[in-house]
Every structure is written in structure tokens, then in C-alpha cells.
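Participant: Dropping a structure here in C-alpha cells format, bear with me for questions.
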DNA sequence: CCACTAAATATAGGCAGAAGATTTACCGTC
DNA sequence: GACGGTAAATCTTCTGCCTATATTTAGTGG
């Protein structure tokens, strides 16, 4: 006979109702008691009492102006309230291998400021990463004119699997553990919720919230950097697995015509090197340079035979990858994200077309992310928002620039 | 401003608490108010009032006997209640291609009776399947001495993907649609909840509830019949996907060394046929007969070279399949289920051992199901149980052999 | 200045649950 | 067979949340 949650106090009822009202009003324009009544089904007196209560707590502001918005004008003017998106702040971080980005956003996930900390090229010292996180956060908060105490929830994306508690397994040669040197504790503050999450998972959250996956219930965000990784959203849930390893794509080693989880950049470089070795590419070709991938698509568009061949190989590879993942999970969409995504725009249509060779209808669609390099940070902010929205009254908001109505 | 659920009436609070209490005592021995208080945190008066209420509704019986169980004997004897597992019945069906099985169970998922309807060998007429369902249900209910009205929830497993509403896409050549000819409507009755679900998914539910997956939060049930299909349980959720196709294994066509989603039986038959064609197997070998697969393992155990070779090929194939699925989703376990499962017991250890060739630590474990041919039906019953437990007070139970206390 | 209107406020009542006093139904024991 | 002791049931009182239904209020337009 295990314990079960019950409402053993009227106070709990009120709290649940207040949270429901707050969620209903979160994204709304200024609203009146009538709106609150419609959204919750509560009586006017109760709705008003809850609004006043939420205003006392700092979640809502009562707008002095009664019928300012000229919304009609018979009868006694309605009291108007508005959700205060700056009642608290959200912090989203992308703790990449060489760079840490912090994003400060309000309670509607509107980005207010950024902060970036570059890390030394070959660093694996945990303290350097931890310091970098602190630096990026400080920069972002300063730019936003905000204070550490204003942050209700912080979420960090790391290039490693993470379990429910934000811990990463060591991984081979301890790479994962080095990427996630207990970043949770760096960000922890009293009254603040902190979560460490896999970066591809956060990219998926971002795509689902404001990207190509909005409205979709089954899709993947394919983070295409040096190695491929995926965030899997199925039935509206982010998949985690035993130890957070869901979406790790080592299974691609078993997929015919793919053979590894290498990202598109490394594969392109390798193919171009092979062409050079075979004498089909001049040793000083721009395709072999730093910006090889950008050059590659330009050259393919200009019908350079080697470039066309390589791009076709990449298309085929990506189609196989997407087919394998999407078929097993019945996804309707694969969003290719990461730094390389913008360059891949032209590729995705070709990939989608090629899917019919490797998958069966209904075929998924492959698109490039429009969120750019910020995908992980934005996803982190949205994840933080979910945490706050899930139980807003669990967060203390009173401090922030608000004088409670006594 | 979308509508949100609120507790706008004391009645709702009471209902929620009653449901919580009921869930807490669902699997308990006879219990007293003290037990109920401990499980819910409510006061004695409230707990007793709720128990009486639930007894009135027919969910609990009050045991006349006060301190019969000799559980101590100072003070005023406690009133004792017990959950009534027969307050309503659950119906689980396995609507296979050639055979329909119905299982009747009580509210603790204890199986009370079976009913089987065999279908003509080559039938695809929807009406024949629908009639078969009715026949199997009638047989099972009769054996249980029960009536249609006693069934609170029914769940059917079909060999086809199903969406949230129990509908199946037509599939190529309409096979799926024929396997699921609106079975929902056949079982529908006023006051009864009906659900149509993919059979592999139900096998996964069964394994998670009473099979090898009990306690595991990320595992797959691999239904190994003529074709492979999987039910995927990740983070405690059954994966569905866009149209219920999650766990369809056509992606195996892309996996090296696998190449198709054919089950082990067909592959074994094909390998044996090839051996026979090559003259390595006598044309009258028992391995080529009806019970080939059973024979195969026996022969391999006796070091028959052809049999050993085929079993090794099957081991390798299964290891690749499990590695691909388990790696993508970070599963800790793959349970091989289906009619063939019992024969596969000896194979699974070899498969688990071979996984290290195709996957990386932490490696999943592969085991054979111990649930036998009933896995789908049992899973269906457990799924039905979930439906009832989720909101027990939404079901009317009063009728069944119980005189409410006026 | 007066109806009219729509919203805010005030008042009363129902109901769930807590808290604590009291009663009850047993057990020993003398 | 009356007498404490005990643990649970029951009774009484109280608080808080919500509904329902007046009543008041702050405006508009004639």
C-alpha cells in the first residue's frame, strides 16, 4: 500500500487552482475576470480572489487603467490584470566543447540577453569548464541588467547523455564526464531549479517549441556536428532511456551505407581527401580548405563533378540515417540542426526525395533547422520554462522589482 | 487563453481523494482505517468516510469480521475493508491472424477464464474476424460465469499499427486494415471503455507488468513471429509515433547482416532449404519438416554441423537486431516474446554475449519471455487495468453482485 | 439628471477536511 | 462481574474554498 497524492488540505486546492489560472493566462494579453472565468470555469468572486492572490505573490500586475484598451465601454469597468513575464528569469546554457553560451529569457521565453565564454582549444580540465559557465552566466545577466537571484530555473545542455538527475556516465575515455563536470552544482542556488540535459534533446525541445517541430508530436532533432546525435520526441515526450543514452547514434555503425556516427563535415572532408589522393582534385582546391563544406555546396551548384559526387554521397548517407531513425519510431519529421544546418538547407529536399528508397510511406520529411547556432540555448530556456510552468507556485517571485499589495 | 482543469467544486476534491485511496488499497490485503490514513495522509474521520463511500459504490467490501486475522487485540476492534477485485471485470483480446483469444480477468488482472476462436485458414473477410471476436468473448465470459455488463474495460491487440483512437492505417495491400476491421465497435457497450492496440505493444505491457521487464523503465518486447515487431517502452511510456507505427521494424532492411524484418522461423527455414539445395542436408531431414525450429535447436545441441551453423546465423542476426534497437533507445533489456519464445531460451544467452560485437557498454540484456503464447492477451488485460485505475470512479460498478448499503 | 449596463462587491450557504474531545468495544485482571 | 487500559470509532467544532445570489458601483448615452 504505497502512498498516494491526495488533497488533504483546502490550501492545496487553492494552490492547484491558482497554478491552473496562472498557466491559462501565461501567454495572454492583459485580461479581465471574465477571461479568467472562461478559462477556468470558476465563479467571478473566486477568479478575482485568485487574481488578487497571484498579484500579491508578484505573478500578475493589476493594470491601473480600467478600460484603456477601448475594448467596449458599457457598465462598470472591469479590473484588468496582466501576467508579468519579468516576474522571474530563465537561464538556458549551451555548454559545448569549445564554447559556452548563456541565454537569459523572461517567463515567456523571450530572449533578453546573451553571454559567451570561449574555452581554450584543447581543454579538458573540469574547472575550466565550470569557470566558463560562471563567466557566460555573469555576462548574460549583466547585459540583461539582472541579478542571480532573479533566475528561477536554469537548464544546461551538454554534449553527453544525462540521466534524470543530470549526471553523465563516464563514457569511453571519460569524455562525457569531462563535458559534464557536475555543472549542476555550479548553477545551483537556493530556490532555483537546475537541470542538466543532453544538448540534442534540448535542440529537440527548441524545434518543438519554436522551430520546425512546432505542432508535431513525433520528430527528431538531428544535431549534426562532428558526430551525429539526435533528440527524440515521441508522443510529446523526450526520450531518455536507461541512462540518458536515447538518441546516441552509435547504432549507425550497423546501418548499411553509413557505418559510423560521424557527422557530415568529417565525412565530406574524408571523401574530398580521397578524391585528392586519387588525383581528381587539385591539392590547392578551396574544397580542401577551412571552409570546405561551404565551398562544397557552392562548387556542386556550379556542377563541379567531384563536388556533385560528394554531395550526392552526403545526401544518400543522410537519407539512410533519417530513414533508420524515423522508421523505427514512426516519426513525421527530422529536423537537422547544429552549426552546419543553415548550409544544409538545399540538401534537405534532396534527402526527403531520396527517402523513398529506404523507407515506406507515410514518409517523414527532412528539413533544416531555422534556429541556427542558438538551438540548444533556446531549447534550454524552453525546458526551464516547462519546469516553472509545471508548478509556478513552487517558485518565489516576490522579490523582483515588485511591491506586493501589502 | 485555453481552458485549464481546475477543482471548481468540493465534489471534485472528494472524487480525486476517493480515487487515490482506492488506488492505494487496490493491491492490498484487507486493511483498516489506519492503513488508509498512512497511505493517503488523511485524517481518520475522512479516511473512514471515504471507505464507507467506496463501499457504497461497490468498490470495497466491509468485512464483518473485526479482528479475525488476529492482528493484535487491544482496544476497540478496527473496522476492516477489502478491495473487491470482482467489482468489475477486464477483457483482454489477442486478435491474431488465424486465432482470436479472449481473456477475462478481475480487477487485479488475475485471469479467470479464456476463450478461443479459430479462424478459417485463408480469411480476410472483416465480418469473419468481427464474429470471431464476439465468439471468443462469449466463450470466455460464459466460462467465467459472467455477463457482458460486468466488463468495465476491454483492450484488443491486433497485428497492425494503431493510432490513439484504435484505428489502423490501411498498410500496403490493406493488410493492416483487414487485421483491424473496426474491432472497437464490436466490443463497445455503454459504460465500457474499449481500446484497440498493436499486439507487440501489448506484449511489452505484459512484460513490464508481470514479465521480464518488471521494474525496468526502458525495454523492448520483440514479438518474433513470421515477421519481427517490437513494443517499445521508454521512460515508462509505450511509444506510439505519428500513426502508431513505432516499433514496426522495417528499418531492419537497412541494418547490415539483417536486411529484412523477417522473423527467425522464416529465416531458419530459408537457411535450411539452402543447405538442402547445396546437398548438405538430406531431403528427408526432420529439420525440413513442420516442427523444423524445435528440431533445429535439438540438432544443434547434438552438434549437427548444419544446425550449429544455422543457429549461429540466427544468433548473429538477433544480436544485430537487438543492438540496433537497444542502442538507439538506450534500452536495458530486450524480451523476445511470441509463440517461438520458449524455444529460444537457450539462444538468448548467446545473443547477449554476442552483443558486445555490435553495441557499446552498458550493454542490454536479451532474454526470452516466460509468458508464452498469452503475452498479448495478458498485456491487453493489464492495459485495461490501467484504464480503470486511472479513473476508477468514472466506472459504474454498483451492479455486480453487490448490495449497496442503502 | 436619469435609466442602463456590466462588472465589482457583499452575504449566505454547502461541503471537504482537520483537530480534538468523547464514546465504544474489546482485553486483561482482580 | 466490576474495573482500568487501550486503540479505534464517532461526535463536535472549526476553518477554508467555492458557489449562488443579492446588492452596489462606475461608468455610458440620452
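Protein chains in written order, with my numbering: chain A, 1 to 406; chain G, 407 to 812. Backbone N, C-alpha and C fix where the C-beta goes; we use that ideal spot for every residue, glycine too. Note that the structure is a prediction, hence the values are computed from the model and not measured.
Pick helix, strand or coil for residue 201 (chain A), following the three-state DSSP scheme.
Facilitator: helix
Participant: Find the nearest neighbour of residue 331 (chain A) within the set A:19, A:349, A:142 and A:213, judged by alpha-carbon distance.
Facilitator: A:213
Participant: Which residues in chain A have a C-beta closer than 7 Å to the C-beta of residue 419 (chain G)? List them in chain order.
Facilitator: Below the 7 Å Cβ cutoff, chain A contributes 7 and 13 as neighbours of residue 419 (chain G), in chain order.
Participant: Are the CB atoms of residue 203 (chain A) and residue 375 (chain A) within a distance shorter than 8 Å?
Facilitator: yes
Participant: Please name the residue, chosen from G:662, G:667 and G:666, that lies closest to residue 259 (chain A) on a Cα-to-Cα basis.
Facilitator: G:662
Participant: Please state whether DSSP places residue 287 (chain A) in a helix, a strand or coil.
Facilitator: Three-state result, residue 287 (chain A): helix.
Participant: Taking 8 Å as the CB-CB cut-off, is residue 734 (chain G) touching chain A?
Facilitator: Interface with chain A (8 Å Cβ-Cβ cutoff): residue 734 (chain G) is included.
Participant: Along chain G, in chain order, which residues have C-beta atoms closer than 7 Å to that of residue 223 (chain A)?
Facilitator: Within chain G, no residue comes near residue 223 (chain A); the closest Cβ sits about 15 Å away, beyond 7 Å.
Participant: Give me the subset of the stretch 737-750 of chain G whose CB atoms are less than 7 Å from a CB atom of chain A, sorted by chain position.
Facilitator: Residues passing the 7 Å Cβ filter: 737 and 738.
Participant: In the DSSP assignment, find the beta strand (DSSP E) that holds residue 116 (chain A) and state where it starts and stops.
Facilitator: 111-118
Participant: Measure the beta-carbon distance from residue 206 (chain A) to residue 379 (chain A) and round it to whole angstroms, keeping in mind my assumption that it falls under 8 Å.
Facilitator: 3 Å
Participant: Any beta carbon from chain G within less than 8 Å of residue 237 (chain A)'s own beta carbon?
Facilitator: Any Cβ of chain G closer than 8 Å to the Cβ of residue 237 (chain A) would place that residue at the interface, and such an atom is present.
Participant: Give a yes or no on whether 8 Å exceeds the smallest Cβ distance from residue 35 (chain A) to chain G.
Facilitator: yes
Participant: Could you list which residues in chain G have their beta carbon closer than 9 Å to that of residue 165 (chain A), in chain order?
Facilitator: Result: empty, since nearest Cβ-Cβ is about 14 Å, beyond 9 Å.
Participant: Do you know offhand how far residue 796 (chain G)'s Cα is from residue 604 (chain G)'s?
Facilitator: 20 Å
Participant: With burial defined as no fewer than 16 other Cβ atoms inside 10 Å of the residue's Cβ, what is the status of residue 158 (chain A): buried or exposed?
Facilitator: buried
Participant: When DSSP labels each residue in this structure, what does residue 441 (chain G) get in the three-state scheme?
Facilitator: helix
Participant: Mind listing which residues of the stretch 289-300 of chain A have their C-beta closer than 8 Å to chain G's C-betas, in chain order?
Facilitator: none
Participant: Taking residue 448 (chain G) as the query, report the chain A residues whose CB atoms sit under 7 Å from its CB, ordered along the chain.
Facilitator: 6 and 8
Participant: So does the stretch 738-747 of chain G actually touch the stretch 644-658 of chain G, counting three or more Cβ pairs closer than 8 Å?
Facilitator: no
Participant: With DSSP collapsed to three states, give me the class of residue 720 (chain G).
Facilitator: helix
Participant: Between the Cα of residue 754 (chain G) and the Cα atoms of G:717, G:632 and G:578, which residue gives the shortest distance?
Facilitator: G:717
Participant: Can a CB atom of chain A be found closer than 8 Å to the CB of residue 487 (chain G)?
Facilitator: no
Participant: Would you verify that the beta carbon of residue 383 (chain G) is, or is not, closer than 8 Å to some beta carbon of chain A?
Facilitator: Outside the modelled stretch of chain G, which goes from 407 to 812, sits residue 383 (chain G), for which no answer is possible.
Participant: Using a C-beta to C-beta distance shorter than 7 Å, which residues of chain A count as neighbours of residue 827 (chain G)?
Facilitator: Coverage of chain G is limited to positions 407 through 812, which leaves residue 827 (chain G) absent and any answer about it impossible.
Participant: At the level of alpha carbons, what is the spacing between residue 154 (chain A) and residue 304 (chain A)?
Facilitator: 47 Å
Participant: On the criterion of 16 or more Cβ atoms from any shown chain inside 10 Å, does residue 34 (chain A) qualify as buried, or is it exposed?
Facilitator: When all chains shown are included, residue 34 (chain A) counts as exposed.
Participant: Looking at the structure shown, is residue 585 (chain G) part of a helix, part of a strand, or coil, going by DSSP?
Facilitator: helix
Participant: Consult DSSP for residue 237 (chain A) and reduce its assignment to one of helix, strand or coil.
Facilitator: strand
Participant: Among A:126, A:351, A:329 and A:278, which has the Cα closest to the Cα of residue 313 (chain A)?
Facilitator: Each of A:126, A:351, A:329 and A:278 was checked against the Cα of residue 313 (chain A), and the nearest Cα belongs to A:351.
Participant: Span of the beta strand (DSSP E) holding residue 261 (chain A)?
Facilitator: Per DSSP, residue 261 (chain A) belongs to no beta strand (DSSP E) and is neither H nor E.
Participant: For the stretch 477-511 of chain G, list the beta strand (DSSP E) runs that are entirely contained and at least 3 residues long, ordered along the chain.
Facilitator: You should have 486-489, 495-501 and 505-511.
Participant: Between residue 408 (chain G) and chain A, is there a C-beta pair that is closer than 8 Å?
Facilitator: yes
Participant: Do you know offhand how far residue 522 (chain G)'s Cα is from residue 668 (chain G)'s?
Facilitator: Taking the straight line joining both Cα atoms gives about 27 Å.
Participant: List the residues of chain A that residue 785 (chain G) touches, going by C-beta distances under 7 Å, in chain order.
Facilitator: Taking a Cβ-Cβ cut-off of 7 Å, residue 785 (chain G) has no neighbours in chain A, whose nearest Cβ is about 18 Å from it.
Participant: Would you mind working out which of A:74, A:170, A:219 and A:120 sits nearest residue 182 (chain A), comparing C-alpha positions?
Facilitator: A:170
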